[in-house]
Amino acid sequence: MEFIIVKFVLVVVVFLVSLGIAAYSTYAERKIAAFLQDRVGPDRAGPFGLLQPVADGVKMFMKEEIIPTHADKGLFILGPSIMMMTACMTGVVIPWGSTLIINGTEYPVQITDLNIGILYIFGVVSIGVYGIMIGGWASNNKYSLMGAIRASSQMISYELAMGMAIIALVMTTGTLSIGEIVKQQQGMHWNVFVQPLGFVLFIVCAFAECNRTPFDLPECETELVGGYHTEYSSMKLGFYLFAEYINMFISSAIIASLYFGGYNFPFIDQLGLPHNVLTLLGTLIFFGKVFFFIFFFMWVRWTLPRFRYDQLMHVGWRVMIPLALFNILLTAVIVLWQNGQFN
Amino acid sequence: MLNQNLPFMILATLSVFSALMVVLSRKPVHSVLYLIFCFFTIGGHYLLLNAQFLFAVHIIVYAGAIMVLFLFTLMFINLNKELEPHKSNLVKAAATIVAGTLLLVMVSTVTDTGNIFPTQVSQNEVGTVAVLGKKLYGDYVLPFELTSILLLAAMVGAVMIGKKNTES
Numbered sequence: 015m016e017f018i019i020v021k022f023v024l025v026v027v028v029f030l031v032s033l034g035i036a037a038y039s040t041y042a043e044r045k046i047a048a049f050l051q052d053r054v055g056p057d058r059a060g061p062f063g064l065l066q067p068v069a070d071g072v073k074m075f076m077k078e079e080i081i082p083t084h085a086d087k088g089l090f091i092l093g094p095s096i097m098m099m100t101a102c103m104t105g106v107v108i109p110w111g112s113t114l115i116i117n118g119t120e121y122p123v124q125i126t127d128l129n130i131g132i133l134y135i136f137g138v139v140s141i142g143v144y145g146i147m148i149g150g151w152a153s154n155n156k157y158s159l160m161g162a163i164r165a166s167s168q169m170i171s172y173e174l175a176m177g178m179a180i181i182a183l184v185m186t187t188g189t190l191s192i193g194e195i196v197k198q199q200q201g202m203h204w205n206v207f208v209q210p211l212g213f214v215l216f217i218v219c220a221f222a223e224c225n226r227t228p229f230d231l232p233e234c235e236t237e238l239v240g241g242y243h244t245e246y247s248s249m250k251l252g253f254y255l256f257a258e259y260i261n262m263f264i265s266s267a268i269i270a271s272l273y274f275g276g277y278n279f280p281f282i283d284q285l286g287l288p289h290n291v292l293t294l295l296g297t298l299i300f301f302g303k304v305f306f307f308i309f310f311f312m313w314v315r316w317t318l319p320r321f322r323y324d325q326l327m328h329v330g331w332r333v334m335i336p337l338a339l340f341n342i343l344l345t346a347v348i349v350l351w352q353n354g355q356f357n
Numbered sequence: 019m020l021n022q023n024l025p026f027m028i029l030a031t032l033s034v035f036s037a038l039m040v041v042l043s044r045k046p047v048h049s050v051l052y053l054i055f056c057f058f059t060i061g062g063h064y065l066l067l068n069a070q071f072l073f074a075v076h077i078i079v080y081a082g083a084i085m086v087l088f089l090f091t092l093m094f095i096n097l098n099k100e101l102e103p104h105k106s107n108l109v110k111a112a113a114t115i116v117a118g119t120l121l122l123v124m125v126s127t128v129t130d131t132g133n134i135f136p137t138q139v140s141q142n143e144v145g146t147v148a149v150l151g152k153k154l155y156g157d158y159v160l161p162f163e164l165t166s167i168l169l170l171a172a173m174v175g176a177v178m179i180g181k182k183n184t185e186s
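Chains as they are written, first to last, in our numbering: chain Z, 15 to 357; chain B, 19 to 186.
Below you can see the structure in the form of structure tokens.
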């Protein structure tokens with residue numbers, strides 16, 4: 015019973031934190047865009063415009079709900095629902111912190127440490143594309159359909175390279191559980207130093223999977239009006255936009271835990287602080303890393319222009335996949351050499 | 019007894035229902051979506067058998083990749099009532115007989131199996147990644163490698179067929 019209560023509290027906290035961070039990412043995005051373009055950005059709602067996400071949310075809810083007459087109603091509603099659901103599902107396998115000791119019992123600050131954690135994330139990500147495809151198709155609009163088709167081909171192409179980047183990481187860590195991978199990176203033994211090429215491949219693919227610039231062709235305004243969500247209005251549109259920010263937050267968290275040590279930080283053992291304080295400090299540092307990557311996502315968005323569609327496919331199939339294969343080969347050789355197989 | 023089998027019963031009902039809907043839906047896209055749902059319920063059966071790796075790979079490969087391609091193709095060709103191919107009665111009769119025979123074989127297999135409820139399997143470790151990997155790369159390394167060569171050949175063949183014919 016106690017087990018269920020603890021897990022329930024964790025799930026609710028992770029869910030609310032994801033939503034809160036996603037909401038404030040929209041604000042951060044506009045502030046960072048303004049900063050990079052030498053503007054002020056939103057500053058009317060509340061001090062420094064801090065209430066802007068609330069105002070946006072209220073606006074989304076109050077807007078008129080329009081379902082096109084030729085749309086497939088059931089699927090039209092299913093699209094954004096799948097998008098939102100899959101965005102929220104990935105948070106369960108991420109280790110947000112080490113363990114907390116309360117009354118002598120050790121509680122991990124992670125909802126569940128599946129021994130197939132990485133595969134679970136892949137599964138959820140590969141389902142996520144249905145949200146865009148179903149929504150785009152159900153709208154019965156040529157631009158939406160084009161956006162949906164672009165999204166699916168882009169996601170399939172980059173999922174391959176992403177998987178191969180992860181395979182190299184799994185070869186060095188020897189486990190598929192994310193909790194275990196983070197534990198191995200104690201102190202400064204971060205995987206980014208072991209797998210620099212893998213990390214670059216992974217972050218590029220993460221950009222593509224989140225449909226962020228320079229890979230935001232599914233919603234390319236200059237060609238496709240609004241892309242797959244052209245026909246959407248009110249909170250359904252809100253779900254699509256919001257899911258993108260949740261995905262960005264979760265991707266940042268995955269990058270931070272797989273390659274940047276998760277809740278580990280240098281000199282973690284030399285501080286001599288109690289276990290619980292260290293855990294809380296680790297969680298704070300983990301969120302610091304996550305925020306840095308969210309900032310990085312935005313920084314890239316407001317710096318680089320969008321790719322052309324053929325360039326996107328070219329990079330995906332002719333650059334990313336061969337590089338990922340090379341990385342696997344290199345990693346395999348080095349792992350064998352370290353194990354003394356060549357002596 | 020009933021309580022233990024409840025998850026299996028729910029999943030099985032959903033599998034059969036979604037499989038039927040694949041055949042009965044009027045729109046091809048709905049059929050594909052029901053098929054995806056069917057894959058998920060089958061994935062659930064794998065989880066009941068404690069085969070987590072198989073579950074994850076099943077979802078990633080079937081629901082996540084192959085069905086995306088199906089949906090993708092269907093969206094492109096945009097099937098509708100006017101374009102629906104009509105088959106002659108002879109073909110329909112032949113298809114019914116073939117499907118009926120297959121059903122007969124399957125039903126006879128199931129009745130021979132005896133107890134179909136997976137009651138004791140949750141203790142086995144066969145489905146976990148570590149055990150599966152050791153089995154695949156230990157006892158079954160030759161079939162495994164042969165399969166991968168077969169897949170590679172199929173891939174090369176697909177690329178060759180898909181290539182534009184530059185000579186003509």
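Note that CB positions come from ideal geometry on N, CA and C, so glycine has one too.
So, does the CB of F136 (chain Z) fall closer than 8 Å to a CB anywhere in chain B?
-> The count along the first sequence starts at 1 and reaches residue 136 (chain Z) at position 122. For F136 (chain Z), the closest Cβ of chain B is nearer than 8 Å.
Unbroken beta strand (DSSP E) run spanning T119 (chain Z), endpoints | On the first sequence, position 105 is the one that residue 119 (chain Z) refers to. First-last of the beta strand (DSSP E) with T119 (chain Z): T119 to P122.
Buried/exposed call for K105 (chain B), threshold 16 Cβ in 10 Å = Within the second sequence, residue 105 (chain B) is the residue found at index 87, counting from 1. K105 (chain B) is exposed by the Cβ-count criterion.
Measuring alpha carbon to alpha carbon, tell me which of Z:C219, Z:I308, Z:L238 and Z:F263 ends up nearest A175 (chain Z).
-> The count along the first sequence starts at 1 and reaches residue 175 (chain Z) at position 161. Taking each of Z:C219, Z:I308, Z:L238 and Z:F263 in turn and checking the Cα distance to A175 (chain Z), the smallest one comes out for Z:C219.
Can you pull the DSSP bridge partners for L114 (chain Z)?
-> Taking the first sequence and counting its residues from 1, one reaches residue 114 (chain Z) at position 100. Bridge partners of L114 (chain Z) according to DSSP: Z:Y121.
Closest Cβ-Cβ distance between I342 (chain Z) and chain B: below 8 Å?
-> In the first sequence, residue 342 (chain Z) corresponds to position 328, counting from 1. It does not: the Cβ of I342 (chain Z) has no partner Cβ on chain B nearer than 8 Å.
Could you say which of Z:E223, Z:V27, Z:A36 and Z:I130 lies nearest to F305 (chain Z) if we only look at CA atoms?
-> Taking the first sequence and counting its residues from 1, one reaches residue 305 (chain Z) at position 291. Among Z:E223, Z:V27, Z:A36 and Z:I130, the Cα nearest to that of F305 (chain Z) is on Z:A36.
Start-to-end residues for the alpha helix (DSSP H) that takes in C56 (chain B) = In the second sequence, the residue the question calls residue 56 (chain B) occupies position 38. Under the DSSP assignment, C56 (chain B) falls in the alpha helix (DSSP H) whose first and last residues are P46 to L66.
Burial state of D70 (chain Z), where buried means 16 or more other Cβ atoms lie within 10 Å = Here residue 70 (chain Z) is taken as the residue at index 56 of the first sequence, counted from 1. Buried, since its Cβ has 16 or more Cβ neighbours within 10 Å.
Taking only beta-carbon positions, decide if I91 (chain Z) is within less than 8 Å of chain B.
-> The residue labelled residue 91 (chain Z) in the question sits at position 77 within the first sequence. It does not; no Cβ of chain B falls within 8 Å.
Reduced DSSP category for T317 (chain Z) - H, G, I as helix; E, B as strand; rest coil | Sequence index remark: in the first sequence, residue 317 (chain Z) carries index 303 (1-based). T317 (chain Z) falls in the coil class under three-state DSSP.
List, in order along the chain, the chain Z residues whose C-beta lies closer than 9 Å to that of M93 (chain B)?
-> Counted from its first residue, the second sequence places residue 93 (chain B) at position 75. The contacting residues are M147, G150, W151, L159, A162, I163 and S166.
Determine the direct distance from the alpha carbon of S32 (chain Z) to that of I264 (chain Z), and round the result to whole angstroms.
-> By 1-based counting over the first sequence, the position of residue 264 (chain Z) is 250. By 1-based counting over the first sequence, the position of residue 32 (chain Z) is 18. Rounded to the nearest angstrom, the two C-alpha atoms are 8 Å apart.
Would you mind telling me which residues of chain Z sit closer than 7 Å to L89 (chain B), beta carbon to beta carbon, in chain order?
-> Walking along the second sequence from the start, residue 89 (chain B) turns up at place 71. M147, listed in chain order.
Looking at the structure shown, is H2 (chain B) part of a helix, part of a strand, or coil, going by DSSP?
-> Residue 2 (chain B) lies beyond the stretch modelled for chain B, which goes from 19 to 186, so this question has no answer here.
Touching by the beta-carbon criterion (3+ pairs, under 8 Å), the segment 190 to 201 of chain Z and the segment 276 to 291 of chain Z | With three or more CB-CB distances shorter than 8 Å, the segment 190 to 201 of chain Z counts as touching the segment 276 to 291 of chain Z.
Using three-state DSSP, classify K181 (chain B) as helix, strand or coil.
-> The count along the second sequence starts at 1 and reaches residue 181 (chain B) at position 163. If DSSP states are grouped into helix, strand and coil, K181 (chain B) belongs with coil.
For A83 (chain B) and chain Z, any beta-carbon pair shorter than 8 Å?
-> To locate residue 83 (chain B), count along the second sequence from 1; it is residue 65. It does: the Cβ of A83 (chain B) has a partner Cβ on chain Z nearer than 8 Å.
From the DSSP output, in three-state form, read off D157 (chain B) for me.
-> Stepping through the second sequence from its first residue, residue 157 (chain B) is reached at position 139. D157 (chain B): coil per DSSP, three-state reduction.
Residue environment, A338 (chain Z), which counts as buried when at least 16 other CB atoms sit within 10 Å = The residue labelled residue 338 (chain Z) in the question sits at position 324 within the first sequence. Buried, since its Cβ has 16 or more Cβ neighbours within 10 Å.
Are Y272 (chain B) and H76 (chain B) close, meaning C-beta to C-beta below 8 Å?
-> What the structure shows of chain B is the stretch from 19 to 186, and residue 272 (chain B) is not part of that stretch, so it cannot be assessed.
Jot down the residue ranges of each uninterrupted alpha helix (DSSP H) in the segment 163 to 215 of chain Z, minimum 4 residues, whole runs only, in chain order.
-> Here the runs fully enclosed are 192 to 198 and 205 to 208.
Stretch pair the segment 59 to 73 of chain Z + the segment 329 to 344 of chain Z: three plus CB contacts closer than 8 Å = Segments in contact, no.
Where F136 (chain Z) and T100 (chain Z) are concerned, what is the direct C-alpha to C-alpha distance, given to the nearest angstrom?
-> As a first step, residue 136 (chain Z) is located in the first sequence; it is residue number 122 there, counting from the start. As a first step, residue 100 (chain Z) is located in the first sequence; it is residue number 86 there, counting from the start. T100 (chain Z) has its alpha-carbon roughly 11 Å from the corresponding atom of F136 (chain Z).
Taking the alpha-carbon positions, what's the P94 (chain Z) to Y246 (chain Z) distance?
-> Translated into the one-based positions of the first sequence, residue 94 (chain Z) becomes position 80. Translated into the one-based positions of the first sequence, residue 246 (chain Z) becomes position 232. Distance between P94 (chain Z) and Y246 (chain Z), taken at the CA atoms: about 9 Å.
Since N353 (chain Z) meets chain B, which of its residues come closer than 8 Å, beta carbon to beta carbon?
-> Locating residue 353 (chain Z) in the first sequence gives position 339, counting from the first residue. Chain B residues near N353 (chain Z): none, gap ~15 Å exceeds 8 Å.
How would you write the range of the alpha helix (DSSP H) that K73 (chain Z) sits in, first residue to last?
-> On the first sequence, position 59 is the one that residue 73 (chain Z) refers to. Under the DSSP assignment, K73 (chain Z) falls in the alpha helix (DSSP H) whose first and last residues are Q66 to M76.
Are N341 (chain Z) and Y273 (chain Z) touching if we call contact CB-CB under 8 Å?
-> Here residue 341 (chain Z) refers to the residue found at position 327 when the first sequence is read from its first residue. Here residue 273 (chain Z) refers to the residue found at position 259 when the first sequence is read from its first residue. Result no, Cβ atoms of N341 (chain Z) and Y273 (chain Z) do not sit closer than 8 Å.
Shortest alpha-carbon distance to K81 (chain B) belongs to which of Z:A42, Z:I46, Z:Y121 and Z:I141?
-> Locating residue 81 (chain B) in the second sequence gives position 63, where the first residue counts as 1. The sequence shown places Ala at residue 81 (chain B), rather than the Lys named in the question. Ranking Z:A42, Z:I46, Z:Y121 and Z:I141 by Cα distance to A81 (chain B) puts Z:I141 first.
Going by beta carbon distance, what residues of the same chain come within less than 6 Å of L318 (chain Z), once the five residues before and after it are set aside?
-> The count along the first sequence starts at 1 and reaches residue 318 (chain Z) at position 304. So the qualifying residues of the chain are P228.
What residues in the segment 90 to 121 of chain Z bring their beta carbon closer than 7 Å to a beta carbon of chain B?
-> None of the residues of the segment 90 to 121 of chain Z has a beta carbon lying less than 7 Å from any beta carbon of chain B.
Closer than 7 Å at the beta carbon, the chain Z residues around V147 (chain B) = If you number the second sequence from 1, residue 147 (chain B) lands on position 129. Within chain Z, the residues near V147 (chain B) are N129, I130 and L190.
DSSP state of A257 (chain Z) mapped onto helix, strand, coil = Residue numbering aside, residue 257 (chain Z) sits at position 243 when the first sequence is read from its first letter. Note: A257 (chain Z) maps to helix in three-state DSSP.
Run of the alpha helix (DSSP H) containing I19 (chain Z), from where it starts to where it stops | Walking along the first sequence from the start, residue 19 (chain Z) turns up at place 5. Its alpha helix (DSSP H) spans residues E16 to L50.
Continuous alpha helix (DSSP H) stretch holding C102 (chain Z): start and end | Taking the first sequence and counting its residues from 1, one reaches residue 102 (chain Z) at position 88. It spans K87 to M103 - the alpha helix (DSSP H) in which C102 (chain Z) sits, taken as one unbroken run.
Count the CB pairs spanning the segment 39 to 57 of chain Z and the segment 115 to 122 of chain Z that are closer than 8 Å, and state whether there are at least three.
-> Touching, no.
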